[in-house]
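In UniProt numbering, the protein residues as written are 1 to 149. These notes concern the structure reproduced below.
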Amino acid sequence: MSTMSSTTGPTGLEQLLALRDHGMPTGIGPFIGMTPEEVEDGRVVFGASARPEFANPIGTMHGGIAATLLDSAMACAVHTTLPPATGYTSLDISVRYLRPGPLDGSRLRAEGRVVHRGRTIRTAEAELTDDRGRLLATATTTCLIMTLG
């Protein structure tokens with residue numbers, strides 16, 4: 001039985017559930033070891049192992065890794081709210097770094113949530129935590145919603 005909601009293609013939620021269930025074959029996810037762990041309407045959680053390769057020149061986690069995890073969680077949370085044949089693009093992203101991230105192989109968790117669902121604008125927020133639940137960084141984003149095709 002097909003899980004597709006219409007003949008015009010899968011919804012954003014259906015697309016993200018497929019990524020969670022079957023893996024991310026290409027893109028930034030496999031590059032940094034990021035995997036979708038939880039997916040529901042308006043909410044996505046990504047996990048990644050904090051590797052030594054994520055270090056910046058002063059020996060702490062590079063801010064770009066945190067920003068990538070946060071951006072991915074927020075954008076994919078927005079993606080889950082989209083009907084078929086609809087896309088989005090980020091208009092802005094703001095990241096606040098609260099403490100250095102680990103580089104010891106422990107698990108990082110980025111949870112993104114949609115906070116506003118307008119017809120053409122959606123906003124989301126995210127938190128990045130370590131495996132002890134300590135808050136490492138937070139972020140917000142605004143996305144433009146577009147009809148594709």
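Virtual Cβ for every residue (Gly too), placed ideally from N, Cα, C.
Q.
As a quick exercise: from Pro30, Phe31, Phe46, pick the residue whose alpha carbon is nearest that of Glu37.
A. Working through the sequence shown from its first residue, we reach residue 37 at position 37. Selected option, being the one with the closest Cα: Phe46.
Q) Thinking C-beta only, is Leu128 closer than 9 Å to Thr140? A) Within the sequence shown, residue 140 is the residue found at index 140, counting from 1. Within the sequence shown, residue 128 is the residue found at index 128, counting from 1. Going by C-beta atoms, Thr140 is not nearer than 9 Å to Leu128.
Q. What residue ranges within the segment 44–123 form continuous alpha helix (DSSP H) runs of no fewer than 4 residues, ordered along the chain?
A. 63–79
Q: Please name the residue or residues paired with Pro36 in a DSSP beta bridge.
A: Reading the sequence shown from its first residue, position 36 is the one you call residue 36. Partner(s): Phe46.
**Q.** Where Ser5 sits in the DSSP three-state scheme
**A.** Counted from its first residue, the sequence shown places residue 5 at position 5. Because the pLDDT of Ser5 is 45, which lies under 50, any placement of that residue in the model is unreliable, and the number read from its coordinates should be weighed accordingly. Correct three-state label for Ser5: coil.
Q: Go ahead and label Gly101 buried or exposed: buried means 16 or more other beta carbons lie within 10 angstroms of its beta carbon, across all protein chains shown.
A: Sequence index remark: in the sequence shown, residue 101 carries index 101 (1-based). By the 10 Å Cβ count, Gly101 comes out buried.
Q) Is the segment 51–61 touching the segment 69–77 in the sense that three or more CB pairs, one from each, lie closer than 8 Å? A) no
(Q) If I measure Cβ to Cβ from Thr123 and keep anything under 6 Å in the same chain, skipping five residues before and after, which residues do I get? (A) Here the question's residue 123 lines up with position 123 in the sequence shown. Closer than 6 Å at Cβ, skipping near neighbours: Val115, His116, Thr142.
Q. My guess is that Ile28 and Ile65 are in contact by the Cβ rule of under 8 Å, so how many angstroms apart are they, rounded?
A. Locating residue 28 in the sequence shown gives position 28, counting from the first residue. Locating residue 65 in the sequence shown gives position 65, counting from the first residue. The pair is not a contact, with the Cβ atoms about 11 Å apart (cut-off 8 Å).
Q) Three-state secondary structure (DSSP) at Leu19? A) Sequence index remark: in the sequence shown, residue 19 carries index 19 (1-based). Here Leu19 sits in helix by DSSP.
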